[in-house]
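Let me begin by presenting the structure, written as structure tokens, before commenting on it.
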Ligand SMILES: Nc1ncnc2c1ncn2[C@@H]1O[C@H](COP(=O)(O)OP(=O)(O)OP(=O)(O)O)[C@@H](O)[C@H]1O
Ligand SMILES: [Mg+2]
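Numbering (the numbering used here), first residue to last: 583 to 952.
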């Protein structure tokens, strides 16, 4: 294998004007000019976040996404190139098209308002993915279908094809989600059907708990939505993970925010599909582990889910068992929340390991029934 990881799917740029001095009420008054500071610019989306987090962790990673040939597309590629030109080799530039961006408005540092343009992420499909490269890489990670209608239309036909073709190349395939918008098109997708079609070809599926409740336990999501963590028990998570494994996954789990991470392994024969990871099959098969989150000085949780996923992938590439993999996911997630942006809190593998070795205290939240 020449490459460790490929990250594909959603890629955009965040435009963040510093506007601490702008009153929230001012935004509803047309005709007023507010002076703000220099524009903050950061690439975003799963491809940028998980890709850069893996890079910081020392994983040899390539990014596969699609941008337009407008100035914003050039900026996305330029910003990633500054980290390392190898990252952008497989990013496609679509002639005559506009790139995806998010304007982040945070007046008085209050709750943020996002203006999101889907751009090329709306048309992303298998034609933007280099399946040939997957023959030479160990693991691929894809996110986020709920904001990529090109892969979820027709009950997720394109998403299923993407994972089927990835597995045909022999790579280990991983999937992450975002929370569908209950009032928008992503909220009307038949997610159970989408998952039934794709998960037979997905090896690692660790969405956040809110996302999977929305998709597979809608009544519980509606009843618990403001306080999901308080309702969870170990038995509940085992049953939900088993349903995902029943649909075809090898390693199923949940990002639990301040409650850490839960991981479950399928039966031993399924682990043939993870041959490129050299995992300890006895440790993983049938496992069900919960690991609490680490104490962190929370500045901003933006990108925590992607950081945790990068930690999980880095651990899988090292051949870690389930407890160690969950600890790594929590460690990288905790590092992430200590910085204001989506990726810069993530540290090198050695620094992260040093924190783990220094008896890092856990958060107090506990999963009932453990
Ligand atoms: N306040 C926190 N303190 C410590 N660790 C945290 C905190 N919030 C999140 N984490 C870590 O980050 C991981 C991922 O966070 P979370 O479960 O919120 O993912 P997500 O819902 O996918 O987030 P995102 O909004 O980034 O998509 C958690 O499993 C946990 O390990
Ligand atoms: Mg997430």
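Don't be surprised by glycine CBs; every beta carbon is placed ideally from N, CA and C. All of these numbers come straight from a predicted model, not from anything done at the bench.
### Task
Consider the Cβ of residue 739: report whether some Cβ of chain C lies at a distance smaller than 8 angstroms.
Protein chains in the displayed structure number just one, and chain C is not present.
### Query
Between residue 883 and ligand 1, is the CB less than 7 angstroms from at least one heavy atom?
Against the chain shown, residue 883 aligns to sequence position 301. The answer is yes for residue 883.
### Pair within 8 angstroms by beta-carbon distance, residue 629 and residue 639
In the chain shown, the residue the question calls residue 629 occupies position 47. In the chain shown, the residue the question calls residue 639 occupies position 57. No.
### Task
Taking the CB atoms as reference points, tell me whether residue 778 and residue 798 lie closer together than 8 angstroms.
Counting from 1 along the chain shown, the entry for residue 778 is found at position 196. Counting from 1 along the chain shown, the entry for residue 798 is found at position 216. Result no, Cβ atoms of residue 778 and residue 798 do not sit closer than 8 angstroms.
### Query
Is residue 866 helix, strand or coil by DSSP?
Here residue 866 corresponds to residue number 284 of the chain shown, with the count starting at 1. The answer is helix: DSSP assigns residue 866 an H, G or I state.
#### Entry: residue 633 beta carbon less than 8 angstroms from that of residue 649
Locating residue 649 in the chain shown gives position 67, where the first residue counts as 1. Locating residue 633 in the chain shown gives position 51, where the first residue counts as 1. No, Cβ-Cβ distance for residue 649 and residue 633 is not below 8 angstroms.
### Query
Are residue 724 and residue 751 touching if we call contact CB-CB under 8 angstroms?
Indexing the chain shown from 1 puts residue 724 at position 142. Indexing the chain shown from 1 puts residue 751 at position 169. It is not a contact, given that the beta carbons lie outside the stated cut-off.
### Task
Check residue 700 in the structure and name its three-state DSSP category.
Indexing the chain shown from 1 puts residue 700 at position 118. In this structure, residue 700 counts as coil in the three-state DSSP scheme.
#### Entry: Segment contact, 8 angstroms Cβ cut-off, at least three pairs: the segment 678-696 with the segment 706-720
no
### Cα-Cα separation, residue 801 to residue 816
Counting from one through the chain shown, the residue named residue 801 turns up at place 219. Counting from one through the chain shown, the residue named residue 816 turns up at place 234. Their Cα atoms are separated by approximately 19 angstroms.
#### Entry: residue 930 Cβ short of 7 angstroms to ligand 2 heavy atom set
Indexing the chain shown from 1 puts residue 930 at position 348. For ligand 2, not one heavy atom lies less than 7 angstroms from the Cβ of residue 930.
#### Entry: Alpha-carbon spacing of residue 691 relative to residue 749, whole angstroms
Your numbering for residue 691 matches position 109 in the chain shown. Your numbering for residue 749 matches position 167 in the chain shown. Distance between the alpha carbons of residue 691 and residue 749 is about 44 angstroms.
### Query
At a cut of 8 angstroms, does the segment 879-888 reach the segment 910-924 through at least three beta carbon pairs?
yes
### Query
Taking the Cβ atom as the reference point for each residue, do residue 586 and residue 856 lie within a distance shorter than 8 angstroms?
Here residue 586 refers to the residue found at position 4 of the chain shown. Here residue 856 refers to the residue found at position 274 of the chain shown. Cβ atoms of residue 586 and residue 856: not closer than 8 angstroms.
### Any non-hydrogen atom of ligand 1 closer than 7 angstroms to residue 795 Cβ
Taking the chain shown and counting its residues from 1, the one referred to as residue 795 is at position 213. Answer for residue 795: no, Cβ out of range of ligand 1.
### Query
Between residue 616 and residue 604, what straight-line distance do the alpha-carbon atoms span, to the nearest angstrom?
As a first step, residue 616 is located in the chain shown; it is residue number 34 there, counting from the start. As a first step, residue 604 is located in the chain shown; it is residue number 22 there, counting from the start. Approximately 7 angstroms, taken between the alpha carbons.
### Query
Going by the C-beta, is residue 790 closer than 7 angstroms to any heavy atom of ligand 2?
Counting from 1 along the chain shown, the entry for residue 790 is found at position 208. Yes, Cβ of residue 790 sits closer than 7 angstroms to a heavy atom of ligand 2.
### Task
May I ask whether a heavy atom of ligand 2 can be found less than 7 angstroms away from the beta carbon of residue 758?
Against the chain shown, residue 758 aligns to sequence position 176. Because some heavy atom of ligand 2 lies under 7 angstroms away, the Cβ of residue 758 counts as near it: yes.
### Query
Do the CB positions of residue 754 and residue 858 come within less than 8 angstroms of each other?
The residue given as residue 754 occupies position 172 in the chain shown. The residue given as residue 858 occupies position 276 in the chain shown. Yes.
### Task
Tell whether a beta-carbon distance below 8 angstroms holds between residue 907 and residue 897.
Here residue 907 corresponds to residue number 325 of the chain shown, with the count starting at 1. Here residue 897 corresponds to residue number 315 of the chain shown, with the count starting at 1. It is a contact, given that the beta carbons lie within the stated cut-off.
### Task
Specify whether the segment 835-852 and the segment 860-869 touch according to this definition: at least 3 beta carbon pairs, one from each stretch, less than 8 angstroms apart.
yes
### Task
Would you mind stating whether residue 764 and residue 728 have Cβ atoms separated by less than 8 angstroms?
For this step, residue 764 is matched to residue 182 along the chain shown. For this step, residue 728 is matched to residue 146 along the chain shown. Result no, Cβ atoms of residue 764 and residue 728 do not sit closer than 8 angstroms.
### Message
Considering just the uninterrupted stretch of the beta strand (DSSP E) at residue 683, what are its terminal residues?
### Response
Walking along the chain shown from the start, residue 683 turns up at place 101. Here the beta strand (DSSP E) through residue 683 covers 683-687.
### Message
Can you tell me whether residue 583 is helix, strand or coil according to DSSP?
### Response
Position 1 of the chain shown, counted from the start, is the residue given in the question as residue 583. Note: residue 583 maps to coil in three-state DSSP.
### Query
Mind pulling the alpha helix (DSSP H) runs of 4 or more residues that sit fully within the segment 754-842?
773-780, 791-798, 800-806, 810-813 and 816-828
### Task
Given a cut-off of 8 angstroms, decide if residue 845 and residue 782 are closer than it, judged by their beta-carbon atoms.
Here residue 782 is taken as the residue at index 200 of the chain shown, counted from 1. Here residue 845 is taken as the residue at index 263 of the chain shown, counted from 1. Not a contact, by the Cβ cut-off of 8 angstroms.
### Task
Flag residue 849 as yes when its Cβ comes closer than 7 angstroms to any non-hydrogen atom of ligand 2, and as no otherwise.
Stepping through the chain shown from its first residue, residue 849 is reached at position 267. For ligand 2, not one heavy atom lies less than 7 angstroms from the Cβ of residue 849.
### Query
Mind pulling the alpha helix (DSSP H) runs of 4 or more residues that sit fully within the segment 597-624?
For the segment 597-624, not a single whole alpha helix (DSSP H) run of length 4 or above is found.
#### Entry: residue 988 versus 709, 791, 767 and 757, residue with shortest Cα-Cα distance
Outside the shown range of the chain (583 to 952) lies residue 988, about which nothing can therefore be said.
#### Entry: Three-state secondary structure assigned by DSSP to residue 590
Taking the first residue of the chain shown as 1, we reach residue 590 at position 8. DSSP places residue 590 in strand when its eight states are reduced to three.
### Message
Is residue 701 a contact residue of ligand 2, with contact defined as CB to any heavy atom under 7 angstroms?
### Response
For this step, residue 701 is matched to residue 119 along the chain shown. Flag unset: Cβ of residue 701 not near ligand 2.
### Message
Let's see if you can read the secondary structure: which residues bound the alpha helix (DSSP H) around residue 741?
### Response
The residue labelled residue 741 in the question sits at position 159 within the chain shown. Its alpha helix (DSSP H) spans residues 731-750.
### Task
Check whether the Cβ of residue 921 sits closer than 7 angstroms to any heavy atom of ligand 1, and report yes or no.
On the chain shown, residue 921 is found 339 positions in, with the first residue counted as 1. No - ligand 1 has no heavy atom lying nearer than 7 angstroms to the Cβ of residue 921.
### Task
Give a yes or no on whether the C-beta atoms belonging to residue 776 and residue 741 are separated by under 8 angstroms.
Indexing the chain shown from 1 puts residue 776 at position 194. Indexing the chain shown from 1 puts residue 741 at position 159. Yes, they are a contact pair.
### Message
Could you check whether residue 622 and residue 598 sit closer than 8 angstroms to each other, using their CB atoms as the reference points?
### Response
Translated into positions along the chain shown, residue 598 becomes position 16. Translated into positions along the chain shown, residue 622 becomes position 40. Result yes, Cβ atoms of residue 598 and residue 622 sit closer than 8 angstroms.
### Task
Answer yes or no: the CB of residue 763 versus the heavy atoms of ligand 1, is any distance below 7 angstroms?
One-based indexing of the chain shown puts residue 763 at position 181. Flag unset: Cβ of residue 763 not near ligand 1.
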